[in-house]
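As numbered in mature numbering (1 follows the signal peptide of the UniProt record, and there is no 0), residues -20 to -1, 1 to 113 make up the sequence shown, in order. All C-beta atoms in this analysis are idealised placements derived from N, C-alpha and C, irrespective of residue type, glycine included. What follows is one structure encoded as structure tokens, with my remarks underneath.
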Amino acid sequence: MRKLFMSLAVIIGLAGAAQAQNAEIEATIGGQIEAFLVDDFDRAFSFASPNIQRVFRTPESFGAMVKGGYPMVWRPSNVRFLELREISGAVWQKVMITDGKGRAHILDYQMIEQESGWKINAVQVLDSSGASA
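This is the structure:
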């Protein structure tokens, strides 16, 4: 009986840690999207990983890339978090974003954990069909 309680405690502890991780990742992605909504490129850039920051160098060039290449992220009308998963050691958060014209886009965010918290390391558009949501 004692082993059963210990096993349950471990499972509950792991589930709680996973939920906390998921909430932190969602807060990171959501924070960046909120920053884009008000054109706060400095804040949006702060959610990017050091690798992404090195590539784009300035918040302004990063913002220009997002406006041009990911307009659904720059001006979404709705954001819905889907599954969080690990693929080959990398953490990926799938997100459905509905743009201002009502088209749904599925994006995959690669997340990396830094001392300062979770950062966005890459974004892939998985479904660019733009089907209506």
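Give every residue of the same chain whose Cβ lies closer than 8 Å to the Cβ of residue i, excluding the five residues on either side of it in the sequence, and list them in chain order.
{"i": "W72", "result": "L64, R65, E66, D88, Y89, Q90, M91"}
{"i": "F27", "result": "T8, I9, G11, Q12, A15, K99, I100"}
{"i": "residue 126", "result": "Because the chain here runs from -20 to 113, residue 126 falls outside it and cannot be looked at."}
Skipping 5 residues on each side, what residues in its chain have a beta carbon closer than 6 Å to that of residue i?
{"i": "K74", "result": "L62, E63, D88"}
{"i": "K99", "result": "S29, I92"}
{"i": "R23", "result": "A15"}
{"i": "I5", "result": "Q73, M91, W98"}
{"i": "F25", "result": "P39, F42"}
{"i": "L106", "result": "I86, D88"}
{"i": "Y50", "result": "none"}
Just to confirm, is the Cβ distance from residue i to residue j under 8 Å?
{"i": "S96", "j": "D79", "result": "no"}
Based on the DSSP secondary-structure assignment, which residues constitute the bridge partners of residue i?
{"i": "G97", "result": "Q94"}
{"i": "L64", "result": "Q73"}
{"i": "A84", "result": "T78"}
{"i": "N58", "result": "T78"}
{"i": "A102", "result": "Q90"}
Leaving out five residues before and five after residue i in sequence, what residues of the same chain have Cβ atoms less than 7 Å from its Cβ?
{"i": "N101", "result": "S29, N31, I32, Q90, M91, I92"}
{"i": "N2", "result": "L64"}
{"i": "Q104", "result": "L87, D88"}
{"i": "F21", "result": "P39, E40, F42, G43"}
{"i": "W54", "result": "F16, V46, K47"}
{"i": "A(-6)", "result": "Residue placement at A(-6) is poorly supported in this model, since its pLDDT is 48, which falls under 50; the coordinates are not used for a value here."}
{"i": "M52", "result": "I77, D79, H85"}
inquiry  = Whether or not the region 61 to 70 and the region 32 to 50 are in contact is what I'm after, with contact meaning three or more pairs of Cβ atoms, one per stretch, closer than 8 Å; do they touch?
reply    = Touching, no, given that fewer than three Cβ pairs across the two stretches are closer than 8 Å.
Any alpha helix (DSSP H) of 4 or more consecutive residues that is wholly inside the region 11 to 54 = Runs found: 21 to 26, 30 to 36, 39 to 49, 51 to 54.
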